[in-house]
Amino acid sequence: MAIYFTIGEGLGKVLFEWWQGLEKDRASRAVLRRASSLTEIALSPAYQRLCRRLGAPNWKGWERDRFALVVGVLAHIKAHDVRPPALAMSQRAPGEDRPPVSELRFLRLLESPDSDSLFSGVRRALPLMGGVDVIVLANDLMHWGDEVKKKWAYGYDWPE
Numbered sequence: 049m050a051i052y053f054t055i056g057e058g059l060g061k062v063l064f065e066w067w068q069g070l071e072k073d074r075a076s077r078a079v080l081r082r083a084s085s086l087t088e089i090a091l092s093p094a095y096q097r098l099c100r101r102l103g104a105p106n107w108k109g110w111e112r113d114r115f116a117l118v119v120g121v122l123a124h125i126k127a128h129d130v131r132p133p134a135l136a137m138s139q140r141a142p143g144e145d146r147p148p149v150s151e152l153r154f155l156r157l158l159e160s161p162d163s164d165s166l167f168s169g170v171r172r173a174l175p176l177m178g179g180v181d182v183i184v185l186a187n188d189l190m191h192w193g194d195e196v197k198k199k200w201a202y203g204y205d206w207p208e
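According to my numbering, numbering within the sequence shown proceeds without interruption in unit steps and concludes at 208.
Here it is, written out as C-alpha cells:
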C-alpha cells in the first residue's frame, strides 16, 4: 500500500500539524535543519517521534528513508502556499525577469542521483522560492521517480 498524505485527514493531517508545530518546537526544527544527511535526520528524536505517531515503524525500509527526506525538507519550509513545487520554483515575482530557481538548478534537481543529493538540492532551493504546498511536496518526495520528475518538468514555467 502506497503512502499518500492528504492535508485534512489521516497521515497528512498529522504531518501538516507536526510541520505547523515546528514553529513552537524550535529545538526539533533546529536539530532537523542542522542535519546534513538523511541518516542524521533518521537518527534524530524529532524524526523518531513523528514516525511513531504515523505508524512508520511498520513501513518498508525505503519508505522510512524517503520519509526522512520529507521530514528533513519540511523543517526548512517557512510558509505554506497553494503553489506546487515546480511552480513555486519558476513563478517570477512581479517585475522580475528570472525565476527564483534557474533552469539549470531545476534540471540538476531533477537529475539528482540519490535521495541525499535530492535532499541537498531541494533544501538549497527552498529559500529561493518562498512558500510551497507542504503536502504536495511531501507526496512528491515520498514518490520521487520518473512520474514525479515529469510532473515537475511540466509544472515548471519555462522561460521563453
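Note that the Cβ used here is the ideal one computed from N, Cα and C, for glycine as well. Values in this document were obtained by computation on a predicted structure and should not be read as measured data.
Taking residue 112 as the centre and dropping the five residues before and after it, the same chain places the C-beta of 104 closer than 6 Å to its C-beta, in chain order. For residue 177, the closest C-alpha among the options 149, 145, 69 and 85 is that of 149.
A Cβ-Cβ distance of about 6 Å is found for the pair residue 101 and residue 62, placing them in contact under the 8 Å criterion.
According to the DSSP assignment, residue 167 belongs to the alpha helix (DSSP H) that extends over 163–177. Looking only at 110, 73 and 147, the smallest Cα-Cα distance to residue 123 is reached by 73. Looking at the DSSP output, residue 128 sits in a beta bridge with 180. If you check the CB distance, residue 133 and residue 200 come in under 9 Å.
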